[in-house]
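Note that the working numbering has the sequence shown beginning at 9, numbered continuously upward.
Heads up, the beta-carbon is just placed ideally off N, CA and C, and yes, glycines get one too.
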Amino acid sequence: MLKANRSVAVGSAVAVLLVSAFTLSSASAATDDAGRRGGPGHSAAPQTLGSLGKKAGLRIGTAVGATALAEDAPYRAKVAGEFSSVTAENAMKWESVEPTRGTYDWAAADELVDFAKKNRQLVRGHTLVWHSQLPAWLNDGDFTAEELREILRRHITDQVTHFKGDIWQWDVVNEAFNDDGTLRDSIWLRKLGPGYIADAFRWAHEADPKARLFINDYNIEGVNAKSTALYELVTQLRKQRVPVHGVGIQGHLGVQYSAPHDIADNMMRFDRLGLETAITEADVRMPMPADSTKLEAQAEGYGVLLRGCLLTPGCNDFTVWGFTDTYSWVPDTFPGQGAANILDENYAPKPAYGTLRQTLTLAAGRH
Ligand code: XIL
9 MLKANRSVAV GSAVAVLLVS AFTLSSASAA TDDAGRRGGP GHSAAPQTLG SLGKKAGLRI
69 GTAVGATALA EDAPYRAKVA GEFSSVTAEN AMKWESVEPT RGTYDWAAAD ELVDFAKKNR
129 QLVRGHTLVW HSQLPAWLND GDFTAEELRE ILRRHITDQV THFKGDIWQW DVVNEAFNDD
189 GTLRDSIWLR KLGPGYIADA FRWAHEADPK ARLFINDYNI EGVNAKSTAL YELVTQLRKQ
249 RVPVHGVGIQ GHLGVQYSAP HDIADNMMRF DRLGLETAIT EADVRMPMPA DSTKLEAQAE
309 GYGVLLRGCL LTPGCNDFTV WGFTDTYSWV PDTFPGQGAA NILDENYAPK PAYGTLRQTL
369 TLAAGRH
C-alpha cells in the first residue's frame with residue numbers, strides 16, 4: 009500500500025515537472041520581476057542556483073579547476089556566488105596529490121577547501137580509487153598484490169585523514185564498472201580482486217567516520233546493465249555492512265544520444281536501499297558547432313538530470329562538471345564536441361541555465 013502510494017506520488021510529480029519545463033518563461037526574468045516588486049528597501053538577495061537549490065533541499069555544485077580558481081577573478085566570483093558545493097576537478101586525484109611516491113602535495117586541494125569554507129560551501133572529495141590519473145610510479149611500478157594493497161590502504165587513509173572534517177561526500181570508488189556490467193579491468197581488480205571495493209570503503213570510513221562515502225560512475229543515469237550491476241553490488245555491500253552511503257551518478261550526456269528519461273526509476277531503487285544519491289558531474293556535450301536546436305536539447309538533458317534528482321528524496325547534490333565552456337574537459341576528450349556547460353565562454357547563460365533555475369524554482373519546498 010505504502011509502496012503503491014509512493015509510486016503514484018512520484019508519477020504525478022514527474023508530470024508536474026515535465027509540464028513545467030515547457031510552460032514557464034525565463035526564471036531569471038521572473039526573479040528580476042520579483043526583486044522589483046519588492047520595491048525600495050526590500051533587499052531581495054539575488055537568486056543563485058545555490059540559493060534556489062537550498063529551497064529545493066539540495067546543494068548545487070560545480071567542479072572547480074585549480075588554475076582557473078587561482079588566476080581568473082570572474083571565474084572565482086562565479087564559483088563563490090552561484091554554487092553551494094564544490095568538487096576539485098583534478099586537485100584531489102592521486103597523480104595530483106602524490107606525484108612522487110611518499111611526497112604529498114596538498115596545496116591546490118587545500119586552496120579549494122579554504123575557498124569553500126570562506127564561501128560556506130560543502131566539498132565533494134573526488135576521488136580515492138580510480139583507474140585513471142594515477143601517478144606514473146604507481147602505474148609503472150611492478151608491485152605484488154600485497155604491496156599494492158598496502159599502497160592503496162595508505163593512500164586512502166592518508167588522504168581522508170588529511171581532509172578529515174572538511175569533506176562532505178567522498179567519491180571513494182570511481183568508474184569501477186564496464187558498460188556491460190562487468191567490473192572494469194583495472195590495476196585494482198587485476199591485482200587485488202573485487203574485494204578492493206569493500207576494503208576502500210572500510211578504510212575511508214575508519215579515517216573519517218562522518219564523511220558520506222559514495223561509489224560514482226557514468227552511464228548509470230537510466231536503468232541498464234551497468235546501473236543494475238552497480239545496484240547489485242551496493243545491495244551486497246550493504247548486506248555485509250560495508251560503509252557505503254551513496255551512489256554518484258556522473259551525468260555526462262550528449263545531445264546526440266537519447267536523454268535518460270527513466271532516471272527517476274533508476275535513482276529510486278538506490279533510494280529504497282536507504283542510499284543517498286547525487287548527480288556528480290553533469291554536462292551535456294554536442295557535436296560542434298552549436299546551434300539553437302542543440303542548445304534546446306542540451307537544456308532538456310540538464311533538465312532530465314535535475315528532475316531525476318529532485319524526484320528522489322535522498323538526492324542531496326546536483327553538481328555540474330564546470331559551468332563555463334571556457335574550461336570544459338569535453339573538447340580535449342571528445343574531439344569535435346563541446347559547448348557542454350550551462351554558461352558560454354563569456355559567462356552568458358545558455359538555455360540550460362534557465363532550465364535549471366526554472367526547475368529549482370518549481371521544486372522550492374521539496375524538503
Ligand atoms: C576529467 C577532468 O575534467 C579533466 O580536466 C582531466 O584531464 C580528466 O578528468 N569522470 C570523472 C572526472 O570522474 O574525474 C573526469 O574529469 C571526467 C570523467
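query: Answer yes or no: do N227 and D179 have a C-beta to C-beta separation smaller than 8 angstroms?; result: no
query: In the DSSP output, what is W178 paired with across the bridge?; result: G133 and L221
query: Given Y361, which residues of its chain have a CB within under 7 angstroms of its CB, disregarding the five upstream and five downstream residues?; result: I350 and L351
query: Between W196 and the rest of its own chain, which residues show a CB-CB distance below 6 angstroms, the 5 nearest in sequence each way excluded?; result: Y204
query: Since A96 contacts L120 with CB under 8 angstroms, what's their CB separation in whole angstroms?; result: 5 angstroms
query: Report the three-state DSSP secondary structure of M275 (helix, strand or coil).; result: helix
query: Mark G47 as exposed unless 16 or more other C-beta atoms lie within 10 angstroms of its C-beta, in which case mark it buried.; result: In this prediction, G47 has a pLDDT of 44, which is less than 50 and means its spatial position is unreliable; nothing more can be read from the coordinates.
query: Is Y83 near the ligand XIL, with its Cβ less than 7 angstroms from a heavy atom?; result: no
query: Who are the Cβ neighbours of G61 in its own chain at under 8 angstroms, not counting the five residues just before and after it?; result: R67, I68, S92, F326 and L368
query: What's the gap between the Cα of T363 and the Cα of H163?; result: 40 angstroms
query: Does the beta-carbon of P343 have 16 or more other beta-carbons within 10 angstroms, so that it is buried, or is it exposed?; result: exposed
query: Is Q258 near the ligand XIL - that is, is its Cβ less than 7 angstroms away from at least one heavy atom of it?; result: yes
query: Quick one: what's A64 bridged to in DSSP?; result: Answer by DSSP bridge pairing: none, since A64 is not bridged.
query: What does the Cβ neighbour count give for R293, buried or exposed, with the cut at 16 atoms within 10 Å?; result: buried
query: Taking 7 angstroms as the cut-off, is the beta-carbon of H265 closer than that to any non-hydrogen atom of the ligand XIL?; result: Before going on, a small fix: residue 265 reads as Tyr here, not His. No, the ligand XIL has no heavy atom inside 7 angstroms of this Cβ.
query: Under the rule that 16 or more other beta-carbon atoms within 10 Å means buried, what is R198, buried or exposed?; result: exposed
query: For the segment 259 to 324, list the alpha helix (DSSP H) runs that are entirely contained and at least 4 residues long, ordered along the chain.; result: 271 to 280 and 300 to 318
query: Go ahead and pull the three-state DSSP assignment for Q244.; result: helix
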